[in-house]
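**Q** Protein chains in written order, with my numbering: chain W, 79 to 237; chain C, 212 to 493. The C-beta atom is built at its ideal place from N, Cα and C for all residues, glycine as well.
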Amino acid sequence: MAKHPVSLKVNGDEHDLLIEPRKTLLAVLRDTIGLTGTKEGCSTGDCGACTVIVDGKAVTSCMVLGVTASEKEITTIEGLASDGELHPIQQAFIDTGGYQCGFCTPGFIMASKALVDENPDRSEEEFRFALGGNICRCTGYTKILEAVLQAAEEIRTNS
Amino acid sequence: MKSFEFFEPTTLAEASNLFAKEHAQLLAGGTDLVIGMKAYTETPASVVSLEKIPGLTGITVDNDNSITIGAMTKVREVELSNDIRQHHTALAEGASEIGSIQIRNLATIGGNIAHASPAADTVAGLLVADAQVNIASANGERSVPINELFTGPGQTVLKPGEIITQFRLPNPASGSHYIKHKIREVMDLAFIGVASAVDVQNGVIEEARIGLAAVAPTPIRATEAEDLLKGKRPTPELLQQAGEAAAAATSPISDLRCSAEHRKEMVDVLTRRTLQNALDRA
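(1) When we look at the beta-carbon of threonine 220 of chain W and count the other beta-carbons within 10 Å, is it buried (16 or more) or exposed?
(2) In terms of residue numbering, what span does the alpha helix (DSSP H) encompassing leucine 238 of chain C cover?
(3) Roughly how many whole angstroms lie between the Cα atoms of phenylalanine 218 of chain C and alanine 147 of chain W?
(4) Give the straight-line distance between the Cα atoms of leucine 440 of chain C and glycine 210 of chain W, rounded to the nearest whole angstrom.
(5) With 8 Å as the threshold, decide whether the Cβ of leucine 317 of chain C is near any Cβ in chain W.
(6) Name the two residues that bound the continuous beta strand (DSSP E) containing serine 407 of chain C.
(7) For the segment 322 to 334 of chain C against the segment 424 to 432 of chain C, are there 3 or more C-beta pairs whose distance is under 8 Å?
(8) So does the segment 307 to 325 of chain C actually touch the segment 134 to 152 of chain W, counting three or more Cβ pairs closer than 8 Å?
(9) Quick check on the DSSP output: the beta strand (DSSP E) that includes asparagine 228 of chain C runs from which residue to which?
(10) For glutamine 412 of chain C, count neighbouring C-beta atoms within 10 Å of its own C-beta (all shown protein chains included) and say buried if the count is 16 or more, exposed if not.
(11) So which residues of chain C does glutamate 98 of chain W contact, with C-beta pairs closer than 8 Å?
(12) So for valine 289 of chain C, helix, strand or coil by DSSP?
(13) Does the segment 395 to 403 of chain C touch the segment 262 to 270 of chain C, meaning 3 or more C-beta pairs lie closer than 8 Å?
(14) What three-state label does DSSP hand lysine 135 of chain W in the structure shown?
(15) Is the distance from the Cβ of alanine 453 of chain C to the Cβ of threonine 482 of chain C below 8 Å?
(16) Can you check which of these residues, C/Arg379, C/Gln366, C/Ala325, is closest to asparagine 345 of chain C by C-alpha distance?
(17) What residues of chain W sit near glutamine 313 of chain C, judged by a beta carbon separation below 7 Å?
(18) Distance check for aspartate 173 of chain W and alanine 225 of chain W, CA to CA, integer angstroms please.
(19) Going by beta carbon distance, what residues of the same chain come within less than 6 Å of aspartate 410 of chain C, once the five residues before and after it are set aside?
(20) Under the rule that 16 or more other beta-carbon atoms within 10 Å means buried, what is cysteine 182 of chain W, buried or exposed?
(21) Which of the residues in the segment 141 to 161 of chain W, read from start to end, lie with their CB under 7 Å from any CB of chain C?
(22) Name the chain W residues whose beta carbon is nearer than 7 Å to that of phenylalanine 217 of chain C?
(23) Does the segment 349 to 364 of chain C come within contact of the segment 250 to 258 of chain C, defined as at least 3 CB pairs closer than 8 Å?
(24) Can you look up alanine 230 of chain W in the DSSP assignment and give me helix, strand or coil?
(25) Since leucine 439 of chain C is in the beta strand (DSSP E), which residue starts that stretch and which ends it?
(26) Quick one: grab the DSSP three-state call for isoleucine 246 of chain C.
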């Protein structure tokens, strides 16, 4: 089947690629571009491990065809730190121990980033509900929530 | 995933012609199709994306208070729209029940309806909004009331090449409410979904609409229950009669998730509950 030319803007870098239409954005990020920070968990949209931010919105990249992401701004976990300094959400996950095996962490961090970018002024209950699309198989939810609340607090204070 | 040819037409006519071909499938948000293709339950020869066609997204309010929702509007936008929350609360509530935020940022209202799942979360809200479904093809346009769109699970009256373009919601009812009966707060499929919408004038129910999902081969309106309510003052007894009439209108199945008897019983309970909440909001 014919490959399609796409121009993916990932973490500020442009990647001009020829990809098969059946490749998901997740597969293109990991296998073609080599950004393996984004994880494949269930591959059916249930676990949120593959969450990336496309044009400011958190999406499950396992459900997106790579060809449809052309020309859109994509941010993955690799794009959060700048000049060697971690994003407040990344730092908060470290400070609180908001990860165990770490597999769900990139997805949780990207979903959390989109939430605090949209509105850091959410209650604990609202964050809990809004992160319902991310699953942690180590069940470390208490620490994850602590991390998100700490980061939201920090972002509120600094904004 | 099997290989397929991928098209991104920029006009509806072009999309319709491509979609009319054998083994062609439309791509809206992809949250059903891409998963289906990975599972090999969907093996289209060609996939026609609607994303590049202008005019299919957005929510607009017209002078007469009717609202038009483009079929490619993201479910998350429907959920957060102030106009929908205010005038078609049951629809906004239904939209907020789909999957997760990540999925609602991808999924479209047109896809939720065209997929024709009897359990679709936006369908009960569209039923009680009395929505008209605008449909386009290379041969022209037509409009179908939402309660006449579905013919069976996964089946609609759409002909080859026909594409849902918009939902038109006429002048809204004054109060509505949707309840999804489920186990998990998010990422769950409805056991049943019930929406009610009412108009009340001087303490009398002028208009009542009840939409039911996942209780029959297609989503349905409980018209006998609606007729019981019209022209009467709301009382607990009246709501009970309406709940019983709504339950009688259903033909649910038993499956792994719950029994037909439970579904029927819960239609009764949730019809009363959504009616009461709709009345409180009216």
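**A** On the basis of the data shown:
(1) Locating residue 220 of chain W in the first sequence gives position 142, counting from the first residue. Exposed is the call here.
(2) Counted from its first residue, the second sequence places residue 238 of chain C at position 27. Here leucine 238 of chain C belongs to no alpha helix (DSSP H); instead the beta strand (DSSP E) covers 235 to 238.
(3) On the second sequence, position 7 is the one that residue 218 of chain C refers to. On the first sequence, position 69 is the one that residue 147 of chain W refers to. Looking at the two C-alpha atoms, the distance is approximately 14 Å.
(4) For this step, residue 440 of chain C is matched to residue 229 along the second sequence. For this step, residue 210 of chain W is matched to residue 132 along the first sequence. For leucine 440 of chain C and glycine 210 of chain W, the distance between alpha carbons rounds to 38 Å.
(5) Sequence index remark: in the second sequence, residue 317 of chain C carries index 106 (1-based). Cβ-Cβ to chain W under 8 Å: yes for leucine 317 of chain C.
(6) Your numbering for residue 407 of chain C matches position 196 in the second sequence. It spans 403 to 412 - the beta strand (DSSP E) in which serine 407 of chain C sits, taken as one unbroken run.
(7) yes
(8) yes
(9) As a position in the second sequence, residue 228 of chain C is number 17, starting the count at 1. Taken as a continuous stretch (DSSP letters only), asparagine 228 of chain C belongs to no beta strand (DSSP E), being part of the alpha helix (DSSP H) at 223 to 230.
(10) The residue you call residue 412 of chain C lines up with position 201 of the second sequence. Counting Cβ neighbours within 10 Å, glutamine 412 of chain C comes out exposed, since fewer than 16 surround it.
(11) In the first sequence, the residue the question calls residue 98 of chain W occupies position 20. The contacting residues are Ser214.
(12) Locating residue 289 of chain C in the second sequence gives position 78, where the first residue counts as 1. Note: valine 289 of chain C maps to helix in three-state DSSP.
(13) no
(14) As a first step, residue 135 of chain W must be located in the first sequence, where it is residue number 57. Three-state DSSP puts lysine 135 of chain W in a strand.
(15) The residue you call residue 453 of chain C lines up with position 242 of the second sequence. The residue you call residue 482 of chain C lines up with position 271 of the second sequence. Contact flag set, yes.
(16) What you label residue 345 of chain C is simply residue 134 of the second sequence in a count that begins at 1. That would be C/Arg379, whose Cα lies nearest to the Cα of asparagine 345 of chain C.
(17) As a first step, residue 313 of chain C is located in the second sequence; it is residue number 102 there, counting from the start. Within chain W, the residues near glutamine 313 of chain C are Gly126, Thr129, Ala136, Val137, Thr138, Ala189, Gly211.
(18) Stepping through the first sequence from its first residue, residue 225 of chain W is reached at position 147. Stepping through the first sequence from its first residue, residue 173 of chain W is reached at position 95. The alpha-carbon atoms of alanine 225 of chain W and aspartate 173 of chain W are separated by roughly 8 Å.
(19) The sequence position of residue 410 of chain C within the second sequence is 199, counting from 1. Once the five neighbours on either side are set aside, the close Cβ partners of aspartate 410 of chain C are Ala384, Ser385, Glu417, Glu418.
(20) On the first sequence, position 104 is the one that residue 182 of chain W refers to. Burial call: buried.
(21) Met141, Val142, Leu143, Val145, Thr146
(22) Taking the second sequence and counting its residues from 1, the one referred to as residue 217 of chain C is at position 6. Residues of chain W passing the Cβ test: His82, Pro99, Val145.
(23) no
(24) Within the first sequence, numbered from 1, the residue matching residue 230 of chain W stands at position 152. Reduced to three states, the DSSP call for alanine 230 of chain W is helix.
(25) Position 228 of the second sequence holds residue 439 of chain C. Segment 434 to 440 is the alpha helix (DSSP H) holding leucine 439 of chain C; no beta strand (DSSP E) there.
(26) In the second sequence, residue 246 of chain C corresponds to position 35, counting from 1. Of the three classes helix, strand and coil, the one that applies to isoleucine 246 of chain C here is helix, per DSSP.
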